[in-house]
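The block underneath contains the structure these notes are about, expressed in structure tokens.
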Amino acid sequence: MNWEQAYRELLKQYNQVKTEYERAIQRVQELESQPRNGASAAAAVKAEVVATDVASPANYEATLKRLVRQIGAILQAEKVVFMLHDPEEGELRAYPPAYGLTEDEIRLLRVRATQGISGEVFREGKPIIVHDAITDPRTSKEHVAMLHIRNLVCVPLILEKRDEENRVIDRQTIGVLHAFNKQRGGHFIDEDVRLLERMARNAAAVIAGMRLYQAILEEKEELVHTIESLRAGLLLVHHNGRVNQMNAAARRVFGLGADVLGKNYTEILNNETIRAMIRAALEEEKEGELVEITVQIDGKEHIYQVQNAIVRGEDQKPMGTVMIFNDITDIRNLERMKSAFVATVSHELRTPLTAIKGFISTLLMDSEDAFTPEDRREFYSIIDQETDRLTRLINDLLNIARIEAGESLKPIYKHVDFYSLSKKVVMIQRQATTKHTIIHDVPEDLPKIVADEDKVDQILTNLLSNAIKYSPNGGEIRVKAWEEDADHIVFYVSDQGMGIPKEHLSRVFEKFHRVDNTDTRKQYGTGLGLYLVKHLVEAIHGGHIWVESEVGVGSTFYVRLPKIPPAVKEGQEQVEK
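Structure, rendered in structure tokens:
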């Protein structure tokens, strides 16, 4: 989903929440107002006060706090609390705000949806009055004694969804509403149930609407943070010319501060190319244009590639335009460097090759021994020098490649769960063989280590792949790990394969080393795998790797890793959170 689609989706969800909330308010205001007697008449009047005093979504907690307090006053109850269903845990849990209950008591009030009075009301969707909560066996799960509950009335919180003609098209029970302890030693009656049901229906609508509203706010907040953290610049301009969104990367392009939202783009943008693109998008609905601009940032020249698109609503009417700024300075510099590099290398390679070719051709054409031995020696000396020059050039190119490879191996340290990581690698390698039994012998409570997770993955994958490759007849392969001491963990990968001759044990980690005998010749490749593993273990993690092996029995590769690499301990590298 691109940013334009994400923006439209958020707008759509916001409008849905707004509609649901307005319907909730309307339902609250439609409370029945015909009481049966004088006492309940006063209660009904109070209920109407609640109905007309519902706050805006921003005042969610305050609204519910007033609501539970009014319910307590209307029903003359000492305590009032909502219990909402948590489908993941299968529980009904009390949530603040509550009336007459402390925070500790609210946390205490939780019960499985299959148990207690709360669970019965939730499942059956019918209210229950309990006159003696202490002796009623159904209340044992609600801790009524600890909460000093004598009697109670409980009704379901039912969310009703209605169509455009205000007809109920769906009902969903989202929890229960409790009122505890009728004051002055009284008991709850059917009239209390009816009043509580009225308020519960409307309270459920408000709670559900607010939950949806909060979810949308969280999604919007997440999107805003995501946009703000993008390396690419993003600018969103409303159809009226006001800036709706401009992330840090885009502000950096134009040298702006954070106070840009709501301002007209003509007030804050001084680049005429960008202003013309925005103007064309807003006035002519012109989009898709790709341009490059050059700006000065902190005294350095930066090149940005800019493209815009029209943002449209559900009715396809334009709402504004969004622009993306990609910093391509490094790409352009790299292109220039590559061009210069190719030109330089072509020249440098051609020069010694031309000399070598020239003197070789001259010597080959000397059929009559026209050159003296001294001349020939001079020619050979020049060829030798130019060959050395060519060799040095090639070695320089290889060194550049090694430096670039080293940059690509720059570690990214984080807290790594070796148990989970090794289990994943084993599962993947099991798919690569049908001959071997791969055993994962790693304790689940093995302490986490600070490491580069991808490179530890690479170490394990390489060792397991080698174990499979060098035991072609199958057998058991085991990955075992343990905590060696307070600062290290050790793991090994063992196989029951061909094994490594003793004279090769000290050299298996050397680059390009191969065990050249009849049994292993077909199995060994370039000889770079274990060299790379050694580099990842020792240079990246400050660990140690060694091997124990016996021909015909198998090999075991041991790796000792520090829980915290030396580079992290010394402050040279940071740990990602």
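Here the sequence shown stands for residues 7 to 583, numbered as in the working numbering.
Virtual Cβ for every residue (Gly too), placed ideally from N, Cα, C.
Give me the Cβ distance between residue i and residue j, rounded to the nearest whole Å; I'm assuming they're in contact under 8 Å.
| i | j | result |
| --- | --- | --- |
| Ile-418 | Glu-148 | Contact doesn't hold; Cβ gap of about 50 Å is too wide. |
| Glu-450 | Lys-420 | Actually they are not in contact, since the Cβ atoms of Glu-450 and Lys-420 sit about 20 Å apart, beyond 8 Å. |
| Val-87 | His-184 | 5 Å |
| Lys-486 | Asp-447 | 4 Å |
| Val-557 | Pro-507 | 6 Å |
| Ala-286 | Ile-316 | So it is not a contact: roughly 11 Å between Cβ atoms. |
Helix, strand or coil: which one does DSSP assign to residue i?
| i | result |
| --- | --- |
| Gln-580 | coil |
| Ser-555 | strand |
| Tyr-2 | No statement about residue 2 is possible, as the shown extent of the chain runs from 7 to 583 and does not include it. |
| Ser-426 | helix |
| Gln-76 | helix |
| Arg-513 | coil |
| Lys-569 | coil |
| Leu-37 | With a pLDDT of 39 at Leu-37, under the threshold of 50, the modelled position of that residue is not reliable, and the figure given next carries that caveat. Coil at Leu-37, not helix or strand. |
| Glu-171 | coil |
| Leu-183 | strand |
| Ser-62 | Its pLDDT being 47, under 50, Ser-62 is placed unreliably by the model, and the measurement read from it follows with that caveat. The answer is coil: DSSP assigns Ser-62 none of H, G, I, E or B. |
| Leu-267 | coil |
| Asp-451 | coil |
| Glu-482 | strand |
| Glu-489 | strand |
| Pro-133 | coil |
| Leu-469 | helix |
| Gly-560 | strand |
| Ala-376 | coil |
| Lys-540 | helix |
| Ile-140 | coil |
| Ile-434 | helix |
| Thr-440 | coil |
| Asn-405 | Low per-residue confidence applies at Asn-405: pLDDT is 43, beneath 50, and the placement is therefore not dependable, though the value from the model is reported in the following sentence. Here Asn-405 sits in helix by DSSP. |
| Ile-445 | strand |
| Met-152 | coil |
| Pro-358 | helix |
| Glu-384 | helix |
| Met-504 | coil |
| Leu-262 | coil |
| Asp-321 | coil |
| Glu-295 | coil |
| Asn-339 | helix |
According to DSSP, residue i sits in a beta bridge with which residue or residues?
| i | result |
| --- | --- |
| Thr-300 | Ile-309 |
| Gln-251 | Leu-242 |
| Lys-363 | BP columns for Lys-363 are empty, so no partner. |
| Leu-98 | His-91 and Val-117 |
| Asp-458 | Tyr-419 |
| Pro-162 | Val-182 |
| Ala-315 | Val-328 |
| Tyr-105 | Val-86 |
| Asp-176 | Lys-167 |
| Lys-188 | Ala-83 |
| His-550 | Arg-566 |
Name the two residues that bound the continuous alpha helix (DSSP H) containing residue i.
| i | result |
| --- | --- |
| Arg-586 | No statement about residue 586 is possible, as the shown extent of the chain runs from 7 to 583 and does not include it. |
| Val-230 | 196-235 |
| Leu-90 | Counting along the chain, Leu-90 falls outside any alpha helix (DSSP H), though it belongs to the beta strand (DSSP E) covering 83-92. |
| Ser-124 | 122-130 |
Name the two residues that bound the continuous beta strand (DSSP E) containing residue i.
| i | result |
| --- | --- |
| Glu-273 | Looking at the DSSP string, Glu-273 is not in any beta strand (DSSP E); the run it does join, the alpha helix (DSSP H), is 271-274. |
| Pro-324 | 324-333 |
| His-494 | 494-500 |
Measuring from the CB of residue i, is there a heavy atom of the ligand SAM at a distance below 6 Å?
| i | result |
| --- | --- |
| Ala-254 | Among the components modelled here there is no ligand, and therefore nothing to report on the ligand SAM. |
Any contact of the region 420-434 with the region 376-394, i.e. 3+ C-beta pairs under 8 Å?
Counting Cβ pairs under 8 Å, fewer than three are found: no touch.
Inter-stretch contact at 8 Å, needing at least 3 Cβ pairs: the region 114-129 / the region 234-243:
no
How about the region 466-476 and the region 433-448: do they share at least three Cβ pairs that are nearer than 8 Å?
Taking a cut-off of 8 Å on C-beta distances, the region 466-476 touches the region 433-448, as three or more cross pairs fall below it.
Please determine if the region 549-556 and the region 565-572 are in contact, where contact requires at least 3 C-beta pairs separated by less than 8 Å.
yes
May I ask you to verify whether the region 154-165 touches the region 204-220, counting CB pairs closer than 8 Å and requiring at least 3?
yes
Are there three or more Cβ pairs, one per stretch, closer than 8 Å when the region 221-236 is compared with the region 192-207?
no
Any contact between the region 138-145 and the region 170-184? By contact I mean 3 or more CB pairs, one from each, below 8 Å.
no
Pair every Cβ in the region 272-284 with every Cβ in the region 200-211, then say whether three or more of these pairs are closer than 8 Å.
no
Counting beta carbon pairs with one atom in the region 284-298 and one in the region 257-264, are three or more of them shorter than 8 Å?
no
Can we say the region 66-76 touches the region 88-104, given the rule of at least three CB pairs closer than 8 Å?
Contact between the region 66-76 and the region 88-104 is present: 3 or more CB-CB pairs across the two stretches fall below 8 Å.
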